[in-house]
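Working notes, structure below.
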Amino acid sequence: METLHIEVDARGVAHLTMNRPEVFNAFNEAMIAELGQAMDQLTADPRVRLIVLAGAGKAFSAGADIQWMKRASEATQEVNLVDARRFAAMLHKIAACPKPTIARVQGLALGGGVGLTVACDIAVASSDAKFAVSEARFGILPSVIGPYVMNAVGPRQARRLALTASRIAAAEALAMGMVHEVVEAAELDAALARWIAELLANGPQAQGEIKQLFAQLEVGPVTAEVRELTAQTIARVRMGAEAREGFAAFLAKRPAAWVPPATNDKED
Numbered sequence: 007m008e009t010l011h012i013e014v015d016a017r018g019v020a021h022l023t024m025n026r027p028e029v030f031n032a033f034n035e036a037m038i039a040e041l042g043q044a045m046d047q048l049t050a051d052p053r054v055r056l057i058v059l060a061g062a063g064k065a066f067s068a069g070a071d072i073q074w075m076k077r078a079s080e081a082t083q084e085v086n087l088v089d090a091r092r093f094a095a096m097l098h099k100i101a102a103c104p105k106p107t108i109a110r111v112q113g114l115a116l117g118g119g120v121g122l123t124v125a126c127d128i129a130v131a132s133s134d135a136k137f138a139v140s141e142a143r144f145g146i147l148p149s150v151i152g153p154y155v156m157n158a159v160g161p162r163q164a165r166r167l168a169l170t171a172s173r174i175a176a177a178e179a180l181a182m183g184m185v186h187e188v189v190e191a192a193e194l195d196a197a198l199a200r201w202i203a204e205l206l207a208n209g210p211q212a213q214g215e216i217k218q219l220f221a222q223l224e225v226g227p228v229t230a231e232v233r234e235l236t237a238q239t240i241a242r243v244r245m246g247a248e249a250r251e252g253f254a255a256f257l258a259k260r261p262a263a264w265v266p267p268a269t270n271d272k273e274d
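What the sequence shown shows, in our numbering, is residues 7 to 274, in sequence order.
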């Protein structure tokens with residue numbers, strides 16, 4: 007691929023790296039298309055257990071390439087709609103991926119870069135990272151990324167970020183739930199390794215079931231329909247081969263079959 011670098015290690019960890027460091031990994035039509043294609047490939051690949059989304063160079067992603075945005079402003083509504091739908095589909099592929107996804111964020115995450123961050127299940131950032139939902143500065147709005155931002159930080163913070171377009175530091179992003187951990191830049195890969203080890207210790211089919219179930223749940227009353235959905239789900243999953251292996255491994259005090267050797271160390 008022209009805009010991405012993909013590497014899958016022996017444990018099944020896929021490193022999907024945006025590779026346009028000369029423009030701080032700003033994305034254009036080509037990168038959006040390739041990110042969508044890469045997510046399709048990695049989702050379908052049985053070797054892959056989880057996906058790390060990263061940016062080469064000094065920045066995670068500065069959002070939309072300004073030249074791409076300029077071309078869009080001069081195009082027809084029909085062309086813009088096709089373009090926007092392609093971007094929306096790409097973000098959905100990240101968010102709906104049945105495998106865990108982690109954003110590794112350093113430097114800048116602006117506009118769509120924030121969208122990529124919050125579309126992932128987990129986000130780890132360096133302490134010098136800066137975030138901004140910056141679209142209003144260009145006279146547009148964070149429309150496609152808006153639902154993901156709102157889900158991550160809540161409606162009031164999302165409105166504030168979008169209306170002001172101001173940059174916030176990593177510590178504030180952590181406090182509002184945009185990212186899950188902030189570490190010094192030199193410790194970013196070590197922190198990422200800890201998250202990877204925790205994810206690899208758990209059943210991959212169970213993780214896919216978690217993502218599918220949680221995508222159907224909303225904050226609010228636990229209705230009869232929700233209770234039935236959760237009961238049906240656990241009844242079905244509990245009878246599966248992965249659950250039997252998990253219970254057997256626990257009782258035998260051994261690592262489950264899905265745990266790579268590097269994550270076999272016991273913590274208790």
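Every residue, glycine too, gets a C-beta built ideally from N, C-alpha and C.
query	result
Pop quiz: Ala-138 and Arg-173 are said to be a contact at Cβ under 8 Å. What is the actual Cβ separation, rounded to whole angstroms?	4 Å
Quick check: the segment 110-125 against the segment 150-165, are there 3 or more CB pairs under 8 Å?	yes
Is Ala-192 near Ala-171, with beta carbons less than 8 Å apart?	no
Take Leu-2 and list the residues in its own chain whose beta-carbon comes closer than 6 Å to its own, dropping the five residues that flank it on each side.	Outside the shown range of the chain, which is 7 to 274, sits residue 2, and nothing can be said about it.
In the DSSP assignment, the alpha helix (DSSP H) including Thr-123 goes from what residue to what residue?	118-125
Since Val-130 and Glu-187 should fall inside the 8 Å C-beta cutoff, what is the C-beta to C-beta distance between them, to a whole number of angstroms?	5 Å
Kindly provide the ranges of any beta strand (DSSP E) runs that are 3 or more residues long and lie completely inside the segment 183-225, ordered along the chain.	187-189
Just how far apart, CA to CA, sit Pro-153 and Phe-144?	20 Å
Using DSSP bridges, identify the partner residues of Ala-142.	Paired residue(s): none; Ala-142 is not in a bridge.
Pick helix, strand or coil for Ile-151, following the three-state DSSP scheme.	coil
On the DSSP bridge assignment, give the partners of Ala-68 in chain order.	For Ala-68, which the question treats as bridged, DSSP gives no partner whatsoever.
Is it buried or exposed for Leu-48, if we count other Cβ within 10 angstroms and need 16 for buried?	buried
Give the range of the beta strand (DSSP E) segment to which Ala-60 is assigned.	56-61
Could you pull out every residue in the same chain whose Cβ sits closer than 7 Å to the Cβ of Glu-251, ignoring the five residues on either side in sequence?	Ala-262, Ala-263
Drop a sphere of 10 angstroms on the beta-carbon of Ile-151, count the other beta-carbons inside from all chains shown, and report buried for 16 or more, exposed for fewer.	buried
Can you name the start and end residues of the alpha helix (DSSP H) that Ala-110 belongs to?	Position check: residue 110 holds Arg in this sequence, whereas Ala was assumed. First-last for Arg-110: 107-111, but that is the beta strand (DSSP E), not the alpha helix (DSSP H).
In chain order, which continuous runs of the beta strand (DSSP E) of length 3 or greater are located wholly inside the segment 220-267?	none
Could you check the C-alpha separation between His-21 and Gly-117 for me, to the nearest Å?	22 Å
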